[in-house]
C-alpha cells in the first residue's frame with residue numbers, strides 16, 4: 001500500500017466505525033450499548049490521554065486513572081446531596097463538572113511539574129507512585145470518600161446527558177466527547193506547542209539548547225492529559241453512578257495500561273481499539289478457569305498482556321502499521337521508515 | 349539548568365524546602381497542638397517511641413528496597429514485579445511454617461523456635477531467587493536496553509502472580525508468619541521509660557545485618573567489585589572481558605531474594621494479604637526515587653527518610669487530620685525531586 005492509499009483506507013475505516021457508532025443504539029442491543037460501547041468510549045478517552053503523553057511526549061504515565069479518579073471524586077463530593085458519604089455539597093451539576101475539571105487540571109499541573117525533569121523510566125516510576133498515593137489518599141480520607149466510596153452521582157447528572165436514567169443520551173455524550181478528544185489531540189499536535197513537544201520527545205537536550213523550556217512543555221502536556229482524563233472520569237461517574245477507592249486502585253491503573261498497550265502506545269487511534277478489545281474480553285471471558293495453573297480472568301489478561309508486549313510492543317496499531325509497510329515495500333523502492341524505538345531513553 | 353532566569357525560582361524552592369523542614373522540626377519538638385502526642389519536650393517518651401517505629405520500619409523498607417535498587421542500578425530493569433515477589437515470599441514462608449509446625453490457622457508464638465522461623469524465611473528467599481532467575485533469563489535477557497518493554501513485561505508478570513497468589517495461597521486472605529517465641533515480649537529500654545517490642549527491634553537488627561552483608565559483598569568481594577563497576581559503566585566492564593551476564597543473573601537473584609525475605613519479615617510483623625504487592629512496590633519505588641537508584645547509601649538514606657516521614661506524619665498531625673498523612677509522602681517525593689531528579693545519591697545513567 002502506498003502511504004496515500006493507507007491513509008485513505010484508515011480514513012475509510014474510521015468513518016465506517018463512526019457511522020456504526022452513531023447508529024449504535026439502533027444496531028446493538030441494550031447490553032452492548034450500555035456495558036460495552038459506552039465504557040469503550042470513556043475508557044478510550046482515558047487511554048487516549050495516556051497514549052497522547054507516550055506517543056508525542058515520550059512520557060509513559062501510570063497516573064491517568066488517578067487523574068480520572070480525582071475528577072470523579074471531586075464531582076461526586078460536589079454534586080451529591082443527601083447521601084451518607086462524601087462532603088455532600090449539593091451544588092449545581094454544571095458548576096460541579098466545571099470545578100471538577102479545574103481541580104483535576106490543577107493537580108495534574110502540580111504532578112506534572114514535580115515529574116517534569118525526570119525522563120523515561122523514572123517518569124513511569126514517579127507517576128506510579130502518584131497512582132498509589134491517590135489510591136491510598138481516597139482510601140484513608142473518610143470525609144472525601146471512605147472505603148465504600150460515594151454513590152448516587154448518576155442521579156445528579158444534567159438532563160442534557162440523560163440525567164442518569166436515559167442511557168442512550170449518555171451513550172451519545174460519550175461518543176461525542178471521544179470524537180472531540182480525538183480532534184483536540186490531532187489539533188494540539190499541529191500547534192507550535194505540539195510540534196515542540198514532539199521535538200522534546202525526540203531530543204530533549206537539543207530542544208533545550210534551542211531555547212525551549214523542556215520541563216514547562218512536559219508540565220503543560222501532563223496538564224492537558226489530566227484535562228482529557230478528567231472528562232473520562234466525569235463520564236465514568238455518570239455511567240457507573242458510584243466511585244470508590246478501588247476505582248483508582250492498582251488493578252485499574254494496570255488495566256488502563258493494558259488497554260493502551262493492546263491498542264498501541266504509538267498512535268492515539270489505538271486507545272479506542274484497545275478499550276473495545278479489552279472490554280469485550282472482560283465481558284465474555286470472565287468465567288473461564290485457567291487450565292494447569294489455576295486462577296481467574298486476571299491470569300489470562302496477564303498472559304495476553306505479556307504476549308503483546310513481547311510480540312508487538314506497538315500493540316494492534318503496530319501490527320497494522322507493519323502489515324501495511326510490508327505490503328508497500330513489495331512494490332516501491334521507498335526505504336522503510338525507521339521503526340520507533342521502544343526504549344524510553346530518548347538520548348544516547 | 350542553572351540559567352539566570354531559573355536561579356530565583358530555584359532559590360525560592362530551596363527556601364521553601366528548608367522552611368518546611370524547619371517548621372516540621374519546631375512543630376514536633378515544641379509546638380504540636382491537638383495531636384495524638386504532646387510536643388517532644390513535654391512528652392519525650394512518645395517522641396522516642398515514634399522515632400523507634402520510624403527506624404524499625406526503615407529497617408524493613410531497606411531489606412525490600414535494596415533489592416529493587418540493586419537490580420535497577422546494575423541492569424536498568426525496573427522490576428515492577430518486585431512487590432509480587434515480596435508477596436509471594438511472604439506467602440511461601442507462611443505456607444512452609446504451617447506445614448513444618450503442623451499447626452492450624454494460628455500458631456502460638458511460644459511453640460516456634462528460631463529455626464522454625466529462619467528456615468521458612470530463607471527457603472522463601474531461595475525459591476524467589478529461582479523464580480527471579482527464570483524471569484530474568486526468559487523475559488529480560490534478550491531485550492536488554494529496552495527499559496520500557498522490560499518494565500511492561502514485569503508488570504504483566506505481576507498481574508499473573510497477583511492472581512496466582514489468590515488461587516494457591518490461602519485464597520489471598522491475610523496470613524501471619526509467627527515470630528520465634530523469644531521475640532514475643534516487651535523489653536525495657538531504660539530511656540524515657542520506653543517499653544518496646546523485641547520483635548520490632550529484631551526487624552531493625554535484620555535490616556542492619558542485611559545492610560552489612562550487602563556492604564561486605566559489594567565492597568569486599570570480587571563479584572561485588574564487578575557489580576559496582578557494572579553500575580558505573582556496564583559496557584566498559586563487559587569490554588574488559590568480564591562475563592557481565594553471570595553478574596546480572598546473580599544480582600537479579602539476590603534482589604528477588606531480598607524482596608521475598610522482606611515479605612517473610614513483614615508477614616511476621618503484620619501479616620501478608622493479597623493486594624499488598626502494590627503497596628510494597630510503592631514503598632520500594634519511593635525509597636529508591638528518594639535515595640537514588642543503585643546506591644546502597646541511597647537505599648539507607650531513602651529508607652530512613654521515608655520511615656521518618658511516614659511515622660511522624662501519622663503521629664504528629666493534628667488528630668482530626670491524621671488520615672492526610674499520605675500527602676506527606678508526596679511532599680517528600682516532590683521536595684527531593686525538585687532538587688535531585690535522580691534522587692539524593694543517584695548519578696546520571
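Residue numbers (the working numbering), protein chains in the order written: chain R, 1 to 348; chain B, 349 to 697. Built from N, CA and C at the ideal position, the CB exists for glycine as well.
Sorting R:304, R:64 and R:210 by C-alpha distance to the C-alpha of residue 135 (chain R) places R:64 at the top. Rounded to the nearest angstrom, the Cβ distance from residue 239 (chain R) to residue 38 (chain R) is 6 Å, consistent with a contact under 8 Å. By the Cβ neighbour-count rule, residue 8 (chain R) is exposed, with fewer than 16 other Cβ atoms within 10 Å of its own. Contacts with chain B at 8 Å (Cβ-Cβ) include residue 140 (chain R). Following the DSSP letters along the chain, one finds residue 182 (chain R) inside the alpha helix (DSSP H) bounded by residues 167-190. In this structure, the CA atom of residue 559 (chain B) is about 10 Å from the CA atom of residue 566 (chain B). By DSSP's assignment, residue 666 (chain B) forms a beta bridge with B:383. Cβ proximity to chain R below 8 Å picks out 671, 672, 673, 674, 675, 677, 678, 681 and 682 from the region 670-683 of chain B. In the displayed model, residue 536 (chain B) falls within a strand according to three-state DSSP.
By the Cβ criterion, the region 620-631 of chain B is in contact with the region 422-442 of chain B, since at least three pairs of Cβ atoms, one from each stretch, lie closer than 8 Å. In the three-state scheme derived from DSSP, where H, G and I count as helix and E and B as strand, residue 544 (chain B) is classed as strand. Against chain B, a Cβ distance below 8 Å from residue 283 (chain R) picks out nothing, because the smallest value is about 18 Å. Shown here, residue 145 (chain R) sits in coil according to DSSP, grouped into three states, outside any helix or strand. The beta carbon of residue 151 (chain R) sits no closer than 8 Å to any beta carbon of chain B.
For residue 494 (chain B), no alpha helix (DSSP H) run applies, since DSSP gives it neither H nor E.
When C-beta distances to chain B are compared with 7 Å, the residues of the region 289-307 of chain R below that value are 293, 294, 295, 296, 298, 299, 301, 302, 303, 305 and 306, in chain order. In chain R, no part has a C-beta under 9 Å from the C-beta of residue 476 (chain B); the shortest such distance is about 18 Å.
Beta-carbon to beta-carbon, residue 620 (chain B) and residue 435 (chain B) are separated by about 6 Å, close enough to satisfy the 8 Å threshold. Of all C-beta pairs linking the region 685-694 of chain B to the region 354-368 of chain B, three or more are shorter than 8 Å, placing the two stretches in contact. Within the model, the alpha-carbon separation for residue 313 (chain R) versus residue 249 (chain R) is close to 24 Å. With a threshold of 8 Å between beta carbons, residue 52 (chain R) makes no contact with chain B.
Within the model, the alpha-carbon separation for residue 48 (chain R) versus residue 5 (chain R) is close to 25 Å.
Selection B:460, B:518 and B:439 evaluated against residue 607 (chain B) yields B:439 as nearest (Cα-Cα). For residue 602 (chain B) against residue 415 (chain B), the beta-carbon gap comes to about 7 Å, under 8 Å, which counts as contact. At the C-beta level, residue 149 (chain R) and residue 241 (chain R) stay beyond 8 Å of one another. Contact between residue 646 (chain B) and residue 691 (chain B) holds: CB atoms are separated by about 6 Å, below the 8 Å threshold. Residue state for residue 243 (chain R) is assigned as strand, using DSSP reduced to three classes. Residue 54 (chain R) and residue 60 (chain R) have their C-alpha atoms spaced approximately 5 Å apart.
At a cut-off of 8 Å between C-beta atoms, residue 44 (chain R) does not count as an interface residue with respect to chain B. With respect to chain R, the C-beta atom of residue 356 (chain B) has no partner C-beta closer than 8 Å. In the DSSP assignment, residue 59 (chain R) falls outside any alpha helix (DSSP H), carrying neither H nor E.
Taking the Cα positions, residue 297 (chain R) is about 10 Å away from residue 283 (chain R). Taking CB atoms only, residue 495 (chain B) has a neighbour in chain R less than 8 Å away. Annotation for residue 401 (chain B): the continuous alpha helix (DSSP H) segment containing it runs 392-423. Among the CB atoms of chain R, none fall inside 8 Å of the CB of residue 603 (chain B). If you compare the alpha carbons of R:21, R:76, R:32 and R:10 with that of residue 230 (chain R), the shortest gap goes to R:76.
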